[in-house]
Structure formats: C-alpha cells, structure tokens
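These notes concern the structure reproduced below.
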Amino acid sequence: SLSIEAVLDTADALGTSIVRVWAGERGSAEADTAYRQAVLDDALRMVEQAAKRSITISLEYHANTLTDTLHSTLDLLETVNSPYFKTFWQPPHTPDLKTKTRSLKALLPWLTNVHVLHWHPQTKERYKLLDGASDWQHYVDIIATSEKRHVLSLEFVRNEDPDVFLED
1445 SLSIEAVLDT ADALGTSIVR VWAGERGSAE ADTAYRQAVL DDALRMVEQA AKRSITISLE
1505 YHANTLTDTL HSTLDLLETV NSPYFKTFWQ PPHTPDLKTK TRSLKALLPW LTNVHVLHWH
1565 PQTKERYKLL DGASDWQHYV DIIATSEKRH VLSLEFVRNE DPDVFLED
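Numbering (the numbering used here), first residue to last: 1445 to 1612.
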C-alpha cells in the first residue's frame, strides 16, 4: 500500500488540495474500540502530514466504514478536530429524505464536496437523475447556505453509458 507521503506527493504534483479517504473497511456497528482507535490514529497521522502541505484529508461518507452513520462521522471529525480533516457527502443509504437532509445539514461545517447520484438505497439500482430532482433541490438548497465553495460531481450513471451521463 502507498504511504501517506506518496499520496501527498501525488496530490502536490496534481495541484489538488483534497485527498479523499475511506474511514476503514468496517461499519461502525461492527467496529470495536481497538479498530476505531486504529482508524483514528491513522487519520491523525494523515492529517498531521497533510496539514504541513495545506492539503485536506476528506472522508468518504459511506456505508461499511466508520462514516456509515452521522453520529460516527461526527465523532471522527470532532475527535480529530482539524481544519484539514473534512468530509464528502452523498445521500445515505436510506429512503428517508429527512434523514438525508439532517445528515447534510449537520456535516455542512466539515463539507468539502458532494457525490451526486440517484439510486435505490438498498439495491443500488441507478435511476435517471431527473427522477431525483426534487431531493437534489433540497440538498442544493442546504449546500447553498454554506459560505464555502463545494464541487458536486456526478458519481454514477445508469449502465455506465456516456449518453446517459450527458442526459443526466
């Protein structure tokens, strides 16, 4: 595996200010205290090195990691407590819009960028982005309240089809 220095060297060479990372490979319900501490220790080491280069380490907000719940994500962000430790956001794997918007509002102070997608939260079947326009209008309205600039990137399209990408 690559060292954080190699990753940061690459980020420097590419001229980017954000490196996205996953918070382990276990969901928060499956992670014991020792596992959680190991992920936290890695995060602290990464952030220490990244801060020297003014690069932000940004968590992937994702199932099956320690960022699979709002509570667990906030715990990591608040424990590391660094301006160089942030998070991406994508709609959590739930059909409940209120839960999704609550997580986005709570994470807004730490938000770097957003993954745009519209899919079934459990089966991950991909839908036309236009079919999710109402939900995305709620998300964009929340993001627009931020004083920071955020990139929204289209993450998945149906059938990995370039024409569908253009349609979305």
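Ideal placement from N, C-alpha and C gives every residue a C-beta, glycine not left out.
- Cβ contact annotation for residue 1488 (same chain, cutoff 7 Å, sequence separation greater than five): 1524, in chain order.
- The Cβ-Cβ distance between residue 1537 and residue 1599 does not fall below 9 Å.
- Counting only runs of at least 3 residues, the segment 1516-1546 fully encloses the following beta strand (DSSP E) elements, listed from N- to C-terminal order: 1529-1533.
- Taking C-beta atoms under 8 Å as the contact rule, residue 1549 and residue 1586 qualify, at a distance of about 6 Å.
- Of all alpha-carbon atoms in 1612, 1556, 1502, 1526, the one lying nearest the alpha-carbon of residue 1580 is that of 1612.
- Secondary structure note for residue 1582: its alpha helix (DSSP H) is the uninterrupted segment 1577-1587.
- Counting the other Cβ atoms within 10 Å of the Cβ of residue 1562 gives 16 or more, which makes it buried.
- For residue 1551, the CB contacts under 6 Å within the same chain, skipping 5 residues up- and downstream, are 1531, 1533 in chain order.
- For residue 1451, the enclosing alpha helix (DSSP H) begins and ends at 1448-1458.
- Closest in C-alpha terms to residue 1555, from the list 1589, 1605, 1480, comes 1589.
- Contact between residue 1499 and residue 1461 holds: their C-beta atoms lie close to 6 Å from each other, under 8 Å.
- Under the three-state reduction of DSSP, residue 1477 is assigned to helix.
- Around the C-beta of residue 1506, 16 or more other C-beta atoms lie within 10 Å, and the residue is accordingly described as buried.
- When secondary structure is reduced to three states using DSSP, residue 1464 falls in the strand class.
- In this structure, DSSP gives residue 1503 an extended state, which the three-state scheme calls strand.
- Looking at the backbone, the Cα of residue 1482 and that of residue 1607 are separated by about 43 Å.
- For a cut-off of 8 Å, the C-beta gap from residue 1503 to residue 1465 is around 6 Å, short enough to register as a contact.
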